[in-house]
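Sequences listed follow chains A and B, in order. Just add 6 to wherever you are in the first sequence, counting from 1, and you've got this note's numbering. Just add 6 to wherever you are in the second sequence, counting from 1, and you've got this note's numbering. Take a look at the structure set out below.
There are 2 protein chains.
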Amino acid sequence: MTVDSSHRFDELDTKEAILAAAERLFAAEGVPRASLRAITSEAGVNLAAVHYHFQSKEGLVRAVLERRWQPLSERRFELLERAERSAAGAPSAEEVVRAFVGPPLEMIQRERGGHAFARFMLGAFIDPKGEVREMLLEQLKETIDRFTDALSAALPHLPRAEIYWRFHFMVGVMAHTIALGSLVHGYSGGLCDPHDVEGVTQRMVDFVVGGFQAPSPAGAATEPGS
Amino acid sequence: MTVDSSHRFDELDTKEAILAAAERLFAAEGVPRASLRAITSEAGVNLAAVHYHFQSKEGLVRAVLERRWQPLSERRFELLERAERSAAGAPSAEEVVRAFVGPPLEMIQRERGGHAFARFMLGAFIDPKGEVREMLLEQLKETIDRFTDALSAALPHLPRAEIYWRFHFMVGVMAHTIALGSLVHGYSGGLCDPHDVEGVTQRMVDFVVGGFQAPSPAGAATEPGS
DNA sequence: GTCTATAGGGGGATAGAC
DNA sequence: GTCTATCCCCCTATAGAC
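This is how it looks when you write it as structure tokens:
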């Protein structure tokens, strides 16, 4: 036997410790400022362990994001499927929208420093040299397909191009709210409470559903050619 | 191309050259990867000139953003005031929304690499250690005040807190579209054309106005006698 | 104001012992 | 799998001559 359970435990332990420390520091300091030295120091492991487990700093960034991204997608699909099963016909636009915008808010409220982590994740999309972006976009593909299909079914009068645009706008509302929603408290003079997850979710859903239900441009299709 | 209006021609020239090169490289490479060496090399000036004119790299980042931010705000105010003058009473929600979301799209279409610059600017808001963020938020203050006031006037039935939330959602739609709108072409299978500025603006306006016109949540709502 | 030269301090990555 | 020690890179910032 070359493999026994204690070795596996150690490996998982070290790996997890690195991931946890990296997640915190990437979010709190930003990827470029979070040095591998600081991460391994906080994790209580050796500097070289990062390269053993993740090959490079870039690989570590990718692993940290992937770990959060997958449960998020699964949670969205779970809610979407639940709505599909319970609905007589197709789920309503409101149900679909809620299945999309709800899970991210749940996630960032569950974790400490969730807003910071959301900014870190959004930063991975924005980074002009982000190789990690490709991975995220790849994983996003299935989510886009399934949610645009569900929205098309809920809003059959909308041309497919409009569905894509409005889906994109919904992503903007969601991303901006999980990343920078905490600012609203300040510039509303304390009138708005970003920590009220239920309330914020409901407001996002109302707004986005209102947007989806807006009349579509009469003559202006975006289709190139035809 | 350059403005030669004073005796300090040389100084302005050097400063402008640095700003132009920095703007391009910050957008193309990201701030951390864009070294002062690369910037001064591209600008054809000396490395030390950056510190003479901008004190530090951080100061340069601030100057680059400020230079684009101010005309953007002024353009928004100009459109808002035009709508206020031409309207019988208060401008409609649609006019106000258009005055807010239109100028950023105009800006990024005018400049080469506009999307990349938009991502750079959004990155400044997202950066957890961004000292530049304070400056941007300060400048954003006046924009927030004037546009939320105008939206309140257009939608008097909405509680002020809802106005702030929906304004925030509108910012999300706008920011996400100028930063990542080019992705829509890909994931719509070519169905959507992000370069059609008129069309994209109209779609954003329709969506956002639809969101603003959604019924407000039961609890705090003041229904307009419907 | 502009330049050269250099200080001074990180950083990511790796080889090789254990 | 883990650790120590180290390589070698490139960066921002500044002092001081012109």
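Where a beta carbon is used, it is the ideal one built from N, C-alpha and C, also for glycine.
Beta-carbon gap between histidine 182 of chain B and alanine 181 of chain A smaller than 8 angstroms: A contact, by the Cβ cut-off of 8 angstroms.
When we look at the beta-carbon of glycine 136 of chain A and count the other beta-carbons within 10 Å, is it buried (16 or more) or exposed? Glycine 136 of chain A comes out buried.
Per-residue contacts from threonine 219 of chain A into chain B (C-beta, under 7 angstroms): The sequence as given places glutamine at residue 219 of chain A; threonine does not occur at that position. Within chain B, Gly216 have C-beta atoms less than 7 angstroms from the C-beta of glutamine 219 of chain A, given in sequence order.
Cysteine 198 of chain A to alanine 167 of chain B, Cα distance in whole Å? Taken atom to atom, the span from the alpha-carbon of cysteine 198 of chain A to that of alanine 167 of chain B is near 6 angstroms.
Through-space distance from arginine 39 of chain B to proline 109 of chain B, alpha-carbon basis: Proline 109 of chain B and arginine 39 of chain B have their C-alpha atoms some 29 angstroms from each other.
Residue range of the alpha helix (DSSP H) that includes histidine 182 of chain A: Counting along the chain, the unbroken alpha helix (DSSP H) around histidine 182 of chain A starts and ends at 166-186.
When burial is assigned at 16 or more other CB atoms within 10 Å of the CB, is glutamate 144 of chain B buried or exposed? Its Cβ having fewer than 16 others within 10 Å, glutamate 144 of chain B is exposed.
So, are the CB atoms of leucine 118 of chain A and phenylalanine 131 of chain A less than 8 angstroms apart? For the record, residue 118 of chain A in the displayed sequence is arginine; it is not leucine. Against a cut-off of 8 angstroms, the Cβ pair of phenylalanine 131 of chain A and arginine 118 of chain A comes out as no contact.
Minimum C-alpha distance to glutamate 48 of chain B - residue among B:Arg74, B:Ala26 and B:Gln208: Ranked by Cα distance from glutamate 48 of chain B, the first of B:Arg74, B:Ala26 and B:Gln208 is B:Ala26.
Excluding five sequence neighbours on each side, which residues of the same chain lie with their C-beta closer than 7 angstroms to the C-beta of alanine 105 of chain B? Setting aside the 5 residues that flank it on each side, alanine 105 of chain B is surrounded in the same chain by Arg82, Leu85, Leu86 and Ala89, each with a C-beta closer than 7 angstroms to its C-beta; the list follows chain order.
Mind listing the chain B neighbours of lysine 135 of chain A? Cutoff is C-beta to C-beta under 7 angstroms, in chain order. Glu35, Gly36 and Arg39, listed in chain order.
At the level of alpha carbons, what is the spacing between methionine 176 of chain B and threonine 207 of chain B? One Cα belongs to methionine 176 of chain B, the other to threonine 207 of chain B, and the distance between them is close to 12 angstroms.
For histidine 163 of chain B, the first and last residue of its enclosing alpha helix (DSSP H): Element bounds for histidine 163 of chain B: n/a, residue is neither H nor E.
Please report how far the alpha carbon of histidine 163 of chain B lies from the alpha carbon of serine 92 of chain B, in whole angstroms. Each residue's CA atom was taken as its position, placing histidine 163 of chain B and serine 92 of chain B some 23 angstroms apart.
Which residues bound the alpha helix (DSSP H) around lysine 63 of chain A? That run of the alpha helix (DSSP H) goes 63-92.
Judging by CA-CA distance, which residue of A:Gly216, A:Ala28, A:Met141 and A:Gly195 is the nearest neighbour of glutamine 76 of chain A? With distances taken between CA atoms, glutamine 76 of chain A lies nearest to A:Met141 out of A:Gly216, A:Ala28, A:Met141 and A:Gly195.
Within chain A, the residues that serine 194 of chain B reaches when beta carbons sit closer than 7 angstroms: Within chain A, the residues near serine 194 of chain B are Ala167 and Tyr170.
Quick check on leucine 66 of chain A - is its C-beta less than 8 angstroms from some C-beta in chain B? Look at leucine 66 of chain A: its C-beta is not under 8 angstroms from any C-beta on chain B.
C-alpha distance - serine 188 of chain A paired with proline 97 of chain A, whole-angstrom precision: Distance between serine 188 of chain A and proline 97 of chain A, taken at the CA atoms: about 31 angstroms.
Would glutamate 101 of chain A be called buried (16 or more neighbouring beta carbons within 10 Å of its own) or exposed? Under this definition glutamate 101 of chain A is a buried residue.
Straight-line Cα distance separating serine 222 of chain B from alanine 23 of chain B: If you take the alpha carbons of alanine 23 of chain B and serine 222 of chain B, they lie about 50 angstroms apart.
Buried or exposed, going by whether 16 or more other CB atoms sit within 10 Å of the CB of alanine 124 of chain A? The residue is buried, with at least 16 neighbouring Cβ atoms inside 10 Å.
Got a sec: is the Cβ-Cβ distance from arginine 152 of chain A to anything in chain B below 8 angstroms? Among the residues facing chain B, arginine 152 of chain A is not included, as its CB has no counterpart in that chain under 8 angstroms away.
For glutamate 117 of chain B, which three-state DSSP category applies? Judged by DSSP in its simplified three-state form, glutamate 117 of chain B adopts coil rather than helix or strand.
Backbone CA spacing between alanine 220 of chain A and leucine 146 of chain B [nearest angstrom]: One C-alpha to the other measures close to 28 angstroms.
I'd like to know if valine 9 of chain A contacts chain B, where contact means its C-beta is closer than 8 angstroms to some C-beta of that chain. Confidence at valine 9 of chain A is low in this model, with a pLDDT of 43, below 50, so the placement of that residue is unreliable and no value is reported for it.
Roughly how many angstroms separate the alpha carbons of valine 214 of chain A and glutamine 115 of chain A, rounded to a whole number? Distance between the alpha carbons of valine 214 of chain A and glutamine 115 of chain A: 21 angstroms.
Assign glycine 108 of chain A to one of three DSSP states: helix, strand, or coil. Helix.
Does any residue of chain A bring its CB to less than 8 angstroms from the CB of arginine 125 of chain B? So, interface residue.
Closest to phenylalanine 218 of chain A by CA distance: which of A:Val67, A:Ile45 and A:Val179 is it? With respect to the C-alpha of phenylalanine 218 of chain A, the residue from A:Val67, A:Ile45 and A:Val179 having the closest C-alpha is A:Val179.
In chain order, what residues of the same chain lie with their CB nearer than 6 angstroms to the CB of alanine 33 of chain B, ignoring the 5 residues before and after it? Within the same chain, alanine 33 of chain B has close Cβ partners Gly119, Ala122, Phe123 and Phe126.
Just the C-alpha distance for glycine 36 of chain B and glycine 36 of chain A, rounded to the nearest angstrom, thanks. Here the C-alpha atom of glycine 36 of chain B lies approximately 13 angstroms from the C-alpha atom of glycine 36 of chain A.
Can you tell me whether arginine 73 of chain B is buried or exposed? The criterion is at least 16 other CB atoms within 10 Å of its CB, across all chains shown. With fewer than 16 other Cβ atoms within 10 Å, it is exposed.
Same chain only: Cβ atoms within 6 angstroms of lysine 21 of chain A, ignoring 5 sequence neighbours per side: In chain order, His59 place their CB closer than 6 angstroms to the CB of lysine 21 of chain A, counting only its own chain and leaving out the 5 sequence neighbours on each side.
Does the beta carbon of threonine 149 of chain B sit closer than 8 angstroms to a beta carbon anywhere in chain A? Chain A contact via Cβ: absent.
In chain B, which residues lie less than 8 angstroms from alanine 83 of chain A when you measure between Cβ atoms? Note that residue 83 of chain A is phenylalanine in the sequence shown, not alanine. Within 8 angstroms Cβ-Cβ: nothing; phenylalanine 83 of chain A doesn't reach chain B, min ~17 angstroms.
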